[in-house]
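> This is the structure I have questions about; it appears just below.
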Amino acid sequence: MKLNSFKRILIKISGEQLAGEYEFGVDPKIANFLAKEIKKVVAGGCQIILVVGGGNMIRGAEVAGNGIKRVTADQMGMLSGLINSMCLTDIFESNGIQTRCLSNIYAEQVAESFSFRRAEKHLEAGRVVIVAGGTARPYFTHDTAAVSFALELDAEVVLKATKVDGVFDRDPAKYKDAKKLESITFDEAVSNNEIKVMDKAALGLAMEQNVPIIVFNPMKNDNILKVAQGNIVGTLIN
Ligand code: UDP
909 MKLNSFKRIL IKISGEQLAG EYEFGVDPKI ANFLAKEIKK VVAGGCQIIL VVGGGNMIRG
969 AEVAGNGIKR VTADQMGMLS GLINSMCLTD IFESNGIQTR CLSNIYAEQV AESFSFRRAE
1029 KHLEAGRVVI VAGGTARPYF THDTAAVSFA LELDAEVVLK ATKVDGVFDR DPAKYKDAKK
1089 LESITFDEAV SNNEIKVMDK AALGLAMEQN VPIIVFNPMK NDNILKVAQG NIVGTLIN
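Spelled out as structure tokens, the structure:
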């Protein structure tokens, strides 16, 4: 199956993926690899929005307790995403990619504030836009933020980065004979508890608004480029 190539895409990367072989923080090897891969896509004229999670530092539900409110813990999680985004912005720029970090949480000394118009302006100028700060609301995730920003900024597709090559019928880490699925419906993704690609709020929003999601592994040479050119490298959810 081949889709049309995309003009504007949103890529969602988890904090855990950015940490690579470390348990915490950012692995510069991963970040530099992603920069080089994204540079190829930008060179082809595709506009890129990036959302980076914060799970390599803080997940609100795990940190809450012992006097720390859930709301505060979630805000800490969103700030972790901002730290990752600041880090990626510099690494992308050092690779010669014009990049702007726009924060959805007020943090004007470290990043421009997110607004739809500002993001549009940067995208039209060919800059990569990294949107940080999640939805700015507790009890959500960066996956939900990613789908929401894809809608707001008219991205044609959400590319959800994973460590494996897509969605499998069973957990590929546990079952050697797990089969990769070329495409699944939103209904299957939501109702099958074996499939844990995104949280249900994110999937529900994408389903309701008809935003296709491609689950794929960005850590293989040219994979992001292939997906941007409309090749189904991983699994299409629509
Ligand atoms: N978070 C939040 N609202 C959002 C996005 C994230 O409260 O809109 C918090 C939540 O506590 C979450 C943490 O930030 O556990 C880290 O985000 P996430 O787990 O989505 O990161 P990822 O798994 O993508 O690295």
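If you read the sequence shown in this note's numbering, its first letter stands for residue 909, the second for the next number, and so on. We put the CB at the ideal spot given by N, CA and C, even for glycine.
1) Does any residue of chain B bring its CB to less than 8 angstroms from the CB of residue 987?
2) Confirm the yes/no value for this check: CB of residue 1120, any heavy atom of ligand 1, distance under 7 angstroms.
3) Does the pairing of the stretch 910 to 917 with the stretch 1128 to 1143 give three or more beta-carbon distances under 8 angstroms?
4) Taking only runs of the beta strand (DSSP E) that begin and end inside the stretch 930 to 998, which ones reach a length of at least 3 residues, in chain order?
5) Please report how far the alpha carbon of residue 1142 lies from the alpha carbon of residue 1103, in whole angstroms.
6) If you measure from the CB of residue 974, is any heavy atom of ligand 1 nearer than 7 angstroms?
7) Any idea what DSSP makes of residue 1032, helix, strand or coil?
8) Report the partner residues of residue 1076 according to the DSSP bridge assignment.
9) Just the Cα atoms here: how many angstroms apart are residue 1072 and residue 1124?
10) Just checking, does the stretch 920 to 928 make contact with the stretch 1015 to 1030 on the three C-beta pairs under 8 angstroms criterion?
11) Residue 1076 and residue 1145 - do their beta-carbons sit closer together than 8 angstroms?
12) Please report the straight-line C-alpha distance between residue 1109 and residue 1130, rounded to a whole angstrom.
13) Once the 5 residues before and after residue 1061 are set aside, which same chain residues still bring their CB inside 6 angstroms of it?
14) Quick check: the Cα distance between residue 990 and residue 1056, rounded to an integer number of angstroms?
15) To the nearest angstrom, how far is the alpha carbon of residue 910 from that of residue 1139?
16) How big is the Cα-Cα spacing for residue 1122 and residue 1087?
17) Indicate, with yes or no, if ligand 1 has a heavy atom lying under 7 angstroms from the CB of residue 1048.
18) Considering only the alpha carbon of each residue, which of 955, 952, 921 lies closest to residue 939?
19) If you measure from the CB of residue 985, is any heavy atom of ligand 1 nearer than 7 angstroms?
20) According to DSSP, which residues form a beta bridge with residue 1020?
21) Please indicate yes or no: does the CB of residue 966 lie closer than 7 angstroms to some heavy atom of ligand 1?
22) Where does residue 1049 fall in DSSP's three states?
23) With 16 as the cutoff for other CB atoms within 10 Å, does residue 949 come out buried or exposed?
24) For residue 920, write down the residues that DSSP places opposite it in a beta bridge.
The answer reads as follows:
1) The chain labelled as chain B is not found in the depicted structure, where only one protein chain is given.
2) no
3) Segments in contact, yes.
4) 955 to 960
5) 14 angstroms
6) Result no, Cβ not under 7 angstroms from ligand 1.
7) helix
8) 1088
9) Approximately 7 angstroms, taken between the alpha carbons.
10) As far as the Cβ criterion goes, the stretch 920 to 928 does not touch the stretch 1015 to 1030, which means the pair count is below three.
11) no
12) Distance between the alpha carbons of residue 1109 and residue 1130 is about 30 angstroms.
13) 957, 1027
14) 17 angstroms
15) 5 angstroms
16) 17 angstroms
17) yes
18) 921
19) yes
20) 1010
21) yes
22) The answer is coil: DSSP assigns residue 1049 none of H, G, I, E or B.
23) buried
24) 959, 1068
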